[in-house]
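I have placed the structure first, in the form of structure tokens, so that the comments after it can refer back to it.
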Amino acid sequence: MNMDSLMLAKAAAEILDAKKAENINVIRITNISSLGDYFVIANGTSNTHVHALADELEEKLKAEGRAPARVEGYRSNSWIILDYEEVVVHLFTADAREFYDLDRLWADGEKLEIEFKPN
165 MNMDSLMLAK AAAEILDAKK AENINVIRIT NISSLGDYFV IANGTSNTHV HALADELEEK
225 LKAEGRAPAR VEGYRSNSWI ILDYEEVVVH LFTADAREFY DLDRLWADGE KLEIEFKPN
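Going by the numbering used here, the sequence shown opens with residue 165, and the numbers climb by one from there.
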């Protein structure tokens, strides 16, 4: 299935939600950055949870034919970035998310309201 960037961002958010990610934000950055179309920002409850979120996301999107162009921070204990080119997924521990504060940094972007299915 060929996914456009909005579908990809929503799919990533839904996968993360199903895996119990917290504070999932999807921010449209098309008009303010050349880094991509959307950022998906979420946090896990622990370092292990952040890694599990990244693994689940990568596995489920690969099954849909979408592999990340790059994965950074996997050896880090607090953040992982999965770069799908038009969609960049940032996964943090709660402390790292607060420290890097990407939500504030990208506040000029358009935050999408995503309705998640009940788990």
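Think of the CB as a built atom: it goes at the ideal place given N, C-alpha and C, for glycine as much as any other residue.
Residue i versus residue j: straight-line alpha-carbon distance, rounded
i	j	result
E220	I179	8 angstroms
Y230	D181	Correcting the residue identity first, residue 230 is Arg in this sequence and not Tyr. Going by the C-alpha atoms only, they are around 19 angstroms apart.
I244	T209	14 angstroms
W270	S240	23 angstroms
E250	R234	12 angstroms
Y264	G237	14 angstroms
P282	D168	24 angstroms
I278	K174	7 angstroms
R261	I196	21 angstroms
K224	L276	22 angstroms
N211	Y248	22 angstroms
Beta-carbon proximity list for residue i, same chain, < 8 angstroms, skipping 5 on both sides
i	result
L199	I193, V252
M165	Bear in mind that the predicted position of M165 carries a pLDDT of just 42, short of 50, making it too unreliable to give a figure here.
A206	A177, L180, A185, E186, N187, I188, N189, L217, V253, H254, L255, F256
E222	A231, P232, V235, L246
Residue i: first and last residue of the uninterrupted alpha helix (DSSP H) it sits in
i	result
L180	169-182
L266	266-269
Close-in-space but distant-in-sequence residues of the same chain around residue i (CB under 6 angstroms, 5 per side omitted)
i	result
E274	R192
D201	S169, T194, E250
Exposure of residue i, with buried meaning 16 or more beta-carbon neighbours within 10 Å
i	result
K226	exposed
A203	The displayed chain sequence assigns Phe, not Ala, to residue 203. So F203 ends up on the buried side.
R268	exposed
D272	exposed
Endpoints, beta strand (DSSP E) assigned at residue i
i	result
G208	202-208
N189	186-192
7 angstroms Cβ shell around residue i - same chain, five flanking residues per side excluded
i	result
M171	none
Report the start-end ranges of each beta strand (DSSP E) in the region 220-257 that is 3 residues or longer and not cut off at the edges.
234-236, 243-247, 251-257
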